[in-house]
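Residue 35 in my numbering sits at position 49 of the sequence shown, with consecutive numbering throughout.
Glycine included, every Cβ here is placed at the ideal spot set by N, Cα and C.
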Amino acid sequence: MAARRRKSRRRWAALVGAVAAACLGLGILAGPVLNQPPKPDASYSVQTDNGLQLTVGLVRKAWGTELQLEGRSMPAQGTMYLWVKGRDGTEEMACGWTATSSGHIKVTGATPVQLAGISGVELRDDNQKTVAVISVPGS
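Rendered as structure tokens:
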């Protein structure tokens, strides 16, 4: 009788272990698929004369707009800032970061300005000098 109970417990333990392993494996495989950033509602790019490449993805949110920023050949020193210009003339700083030695960046910013109210995006250095401008066409 005791041997039968031990055997039954071992089976249950093995079954629970197998189910746990399957759940863990499924979580590992599904995690990256389910945890993707939202696709931009609009995307704009610019390349300056000195080779700087900047792409901004704009994602509509109930609270404003999320900005997904990717850059190459960016300044390698100082602090950079992304400013959003509103169609009503307002300006909002969406994000800032320290320059990287590689010149590559991937940054997410945010602004309370709704996507339809954005007229442009400006990349500025730590002296607030405009480095790149992206115009957003009106809707």
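With DSSP run on the structure shown, which of helix, strand or coil describes residue i?
{"i": "residue 110", "result": "strand"}
{"i": "residue 15", "result": "helix"}
{"i": "residue 48", "result": "coil"}
{"i": "residue -7", "result": "helix"}
{"i": "residue 40", "result": "strand"}
{"i": "residue 99", "result": "coil"}
{"i": "residue 7", "result": "helix"}
{"i": "residue 28", "result": "strand"}
{"i": "residue 122", "result": "coil"}
{"i": "residue 34", "result": "coil"}
{"i": "residue 59", "result": "coil"}
{"i": "residue 88", "result": "coil"}
{"i": "residue 116", "result": "strand"}
Let me know if residue i comes out buried or exposed under the rule of 16 or more other beta-carbons within 10 Å of its beta-carbon.
{"i": "residue 115", "result": "exposed"}
{"i": "residue 53", "result": "buried"}
{"i": "residue 71", "result": "buried"}
{"i": "residue -2", "result": "exposed"}
{"i": "residue 42", "result": "buried"}
{"i": "residue 104", "result": "buried"}
Using DSSP bridges, identify the partner residues of residue i.
{"i": "residue 94", "result": "54"}
{"i": "residue 0", "result": "Residue 0 is not bridged to any residue."}
{"i": "residue 82", "result": "67"}
Quick one: Cα of residue i to Cα of residue j, how far?
{"i": "residue 81", "j": "residue 29", "result": "17 Å"}
{"i": "residue 32", "j": "residue 40", "result": "5 Å"}
{"i": "residue 68", "j": "residue 11", "result": "40 Å"}
{"i": "residue 79", "j": "residue 95", "result": "9 Å"}
How about residue i and residue j: are their beta carbons less than 9 Å apart?
{"i": "residue 51", "j": "residue 99", "result": "yes"}
{"i": "residue 111", "j": "residue 64", "result": "yes"}
{"i": "residue 60", "j": "residue 84", "result": "no"}
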